[in-house]
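Chains as they are written, first to last, in my numbering: chain A, 3 to 116; chain B, 11 to 125.
Each residue gets a CB set at the ideal place from its N, CA and C atoms; glycine is no exception.
Everything on this sheet refers to the single structure shown next.
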């Protein structure tokens, strides 16, 4: 049971490039989320999903796109990378929506945009 | 955007000291309050999820209390050990409005336990 996995662990992009951060979970959780973590700030919700085919925006969705075609996978796409997107990105999953159950976090992806 | 505040921002204690931190959150539309422990170079791990006013949870030397009417939760660590050094995050789950179903995290309290 691998839990929540994320790839890559590190990535450097140039401004304007696009890329996809991968997230997968093997716990059959319906609820998955993407957060970014910046110095001096708490984890901020980017996008989340309550099941395959259903996604919604979080607090800071601009510049990011998501889709959920399977229960297991929830990729995050950066459409045109900007230096403001330099951050550490965490994917999380939970067995229940509405924050009623604990979140399981992946190991994170550290992204630098130059 | 909901306001979730944690205090203090950082804390240094000696091994064996007991300590506590505070998480303040909106007192309306409460659904749940989470506490996470986040060690350096690792990912956050859940400590507690509390849903009822007056809830008290305990895991080893760590315990937490919840007051939803006044909008605060305390996390206590008894007899701190160096391995307790970490950032402790709280997160509030809202039951209404545009934030329905989403977790809002506080900035965290950084605990350093000196041997």
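Per DSSP, residue 67 of chain B is one residue of the beta strand (DSSP E) stretching across 66-69. At a C-beta separation below 9 Å, residue 18 of chain B has no neighbours in chain A, since its nearest C-beta there lies roughly 14 Å away. Within the same chain, 35, 36, 37, 60, 61 and 62 come within 8 Å of residue 47 of chain A by CB-CB distance, once the 5 residues on both sides are set aside. Chain A has a Cβ within less than 8 Å of the Cβ of residue 103 of chain B.
DSSP lists B/47 as the beta-bridge partner residues of residue 55 of chain B. Between residue 43 of chain A and residue 19 of chain B, the C-beta spacing is not below 8 Å. For residue 72 of chain B, DSSP records a beta bridge to B/69 and B/87. Taking a cut-off of 8 Å for Cβ pairs, the stretch 12-27 of chain B and the stretch 68-77 of chain A do not touch, as fewer than three such pairs fall below it. For residue 80 of chain A and residue 88 of chain B, the gap between their C-alpha atoms comes out near 44 Å.
Only those residues of the stretch 100-115 of chain A whose C-beta falls short of 7 Å from the nearest C-beta of chain B are listed: 100, 101, 102, 103, 104, 105, 107, 108, 109 and 110. In chain order, 102 make up the part of chain A whose C-beta sits under 8 Å from the C-beta of residue 61 of chain B. Within the stretch 76-115 of chain A, the beta strand (DSSP E) runs of at least 3 residues that lie entirely inside it are, in chain order, 78-80, 89-96 and 111-115. Apart from the 5 residues on each side of it in sequence, residue 91 of chain B sits with its Cβ closer than 7 Å to the Cβ of 25 and 123 in its chain, given in chain order.
In the same chain as residue 52 of chain A, and ignoring 5 residues on each side of it, the C-beta atoms closer than 7 Å to its own belong to 32, 33 and 99, in chain order.
Here the C-alpha atom of residue 69 of chain B lies approximately 8 Å from the C-alpha atom of residue 57 of chain B.
Within the stretch 41-62 of chain A, contact with chain B at the beta-carbon level (separation under 9 Å) is assigned to 42, 43, 44, 45, 46, 47, 50, 52, 58, 60 and 61.
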